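What follows is a set of notes on a single structure, which appears directly below.
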Amino acid sequence: MNDNVLNTFKQEKLLARAMDWPNIRRVDGELVYDFSVWAEECEIAKQQELTSLSSTLLLPGEPIHTYKSIGFLIDSDKTNIIHVSEYDSGSSGNVKTGDFYASGESLESLNELSKIIHSKHEKNMNEINVNMAYDAYLGLFINKCMSESTLSRILLAQRYFKLHNDLVLPIYVYDDNTGNLVELDMKENDKVLFLQGMIKKGVLKTSSIYYELEKGESKKAYFLNPIENLEVNISKKTR
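Numbering (the working numbering), first residue to last: 16 to 254.
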């Protein structure tokens, strides 16, 4: 496991920022997986303005729900923590604009939250709202109950992040039944073969990745070679 992620997890300072699956849509007549929301979040994080960013504290050995099945792993030491809650606090708004709201009282620290979780051993989803620094990203995560569809999309997310930030974030599998976190052991060639298979099976519609930057610039790139996509589409039509 990556040392930064392992140490942060053991120190009980690792946050999971859950993200929606990329939307599939048509751009210039071509199907693409749209990572615009992910890109926007990264751009805003550069300015440290994400002050209602809901994340979840992950603790070794404690089964904790995350908001969604995929997302970022964040180093809490590189965030300004706005609000800590034992449960989902229904937060909204932004501290910078003065309209931030979260129900319930805020706990004093992550340490206080971790003690509560360890004492109860309940599979509840906590909520940490932070102002995240751009260098706080440590990796990506998927839940253990992953499907082929989930794995396909997190592989696209990993490639998107490389395109957008020139960082190769490792992928980790989180088991919310045991609280364990392990790195996904998958070589680049295996990723390509897997995605080729998912396109042939129709689990993925394309390997094209689309995203917009904050200033409106849009970009599109492929995980697989466009020719490989074309060959798959032709083979499906001739069956």
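Ideal Cβ positions, reconstructed from N, Cα and C, are used throughout, including at glycine.
Bear in mind that the values here come from a model prediction, so they are computed numbers and not experimental data.
A direct Cα-Cα distance of roughly 12 Å separates Asp205 from Leu166.
Nearest to Phe238 by alpha-carbon distance, out of Leu219, Glu232 and Gly231, is Leu219.
Between the alpha carbons of Ile157 and Leu30 lies a gap of roughly 13 Å. Taking C-beta separations shorter than 6 Å and ignoring five residues to either side along the sequence, the partners of Asn192 in its chain run Pro78, following chain order. When secondary structure is reduced to three states using DSSP, Gly194 falls in the coil class, being assigned neither helix nor strand.
Cβ neighbours of Thr94 within its own chain (closer than 6 Å, five residues either side excluded): Val145, Met147 and Ala151. In the DSSP assignment, Met213 falls outside any beta strand (DSSP E) and lies within the alpha helix (DSSP H) extending over Glu203 to Lys216.
When C-beta atoms of the region 110–125 are compared with those of the region 34–47, fewer than three pairs fall below 8 Å, so the two segments do not count as touching.
Spanning the alpha carbons of Ser223 and Phe176 requires a straight line of approximately 14 Å.
Closest by C-alpha distance to Lys230, out of Ile39, Glu55, Asp35 and Ala33, is Glu55.
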